[in-house]
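Engineer: In my numbering, the protein residues as written are 318 to 454.
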């Protein structure tokens, strides 16, 4: 996009800042993490509610994602002693801060969605052409 001003480069190049960034990106790297964060950003949910609301996620993957986010302190799990037991999930305060921090990234994604699609289409065409071209040995 020629007319879009480019922001200043990422300012933190010291080792500690880069490790912190890598850690934050690691939290989001799991396929379902961002979707789970978005759902929990709307409020507290039970496991089966999340399972119904997140299209395509398996029970196993949702469970693993929630455990990972809980381990990282992003999600809080509340168990209520009842028969049957009631378990609810909600964002922790740092999870809420993470969701706010993702806002600008979502804006970037919306702004550059067509650019990304165009680049991917071009790369697929090049790959298809190179696979159909006979090799000279």
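Think of the CB as a built atom: it goes at the ideal place given N, C-alpha and C, for glycine as much as any other residue. Note that this is a predicted model, so its numbers are computed, not measured.
So residue 407 packs on residue 357, CB below 8 Å; how close in whole Å?
Structural biologist: 6 Å
Engineer: Between residue 367 and residue 416, is the Cβ-Cβ spacing less than 8 Å?
Structural biologist: no
Engineer: If I'm right that residue 382 touches residue 418 with Cβ under 8 Å, what's the distance once you round it to whole angstroms?
Structural biologist: Between residue 418 and residue 382 the Cβ distance is about 19 Å, and since that is not below 8 Å, they are no contact.
Engineer: Out of 439, 352, 360, point me to the one whose CA is closest to residue 371's CA.
Structural biologist: Looking from the CA of residue 371, the closest CA among 439, 352, 360 belongs to 352.
Engineer: Excluding sequence positions up to five away, which residues of its chain have a Cβ less than 6 Å from the Cβ of residue 342?
Structural biologist: none
Engineer: Helix, strand or coil for residue 318, going by three-state DSSP, please let me know.
Structural biologist: Reliability of the predicted coordinates at residue 318 is poor, the pLDDT of 47 falling under 50, and the value obtained from them is presented with this limitation in mind. Residue 318: coil per DSSP, three-state reduction.
Engineer: With DSSP as the reference, identify every bridge partner of residue 362, one or two as the case may be.
Structural biologist: 406
Engineer: Apply the 10 Å Cβ neighbour rule to residue 433 and answer buried if 16 or more other Cβ atoms are within range, or exposed otherwise.
Structural biologist: Exposed: under 16 other Cβ atoms inside 10 Å.
Engineer: What is the DSSP secondary structure of residue 441, reduced to helix, strand or coil?
Structural biologist: helix
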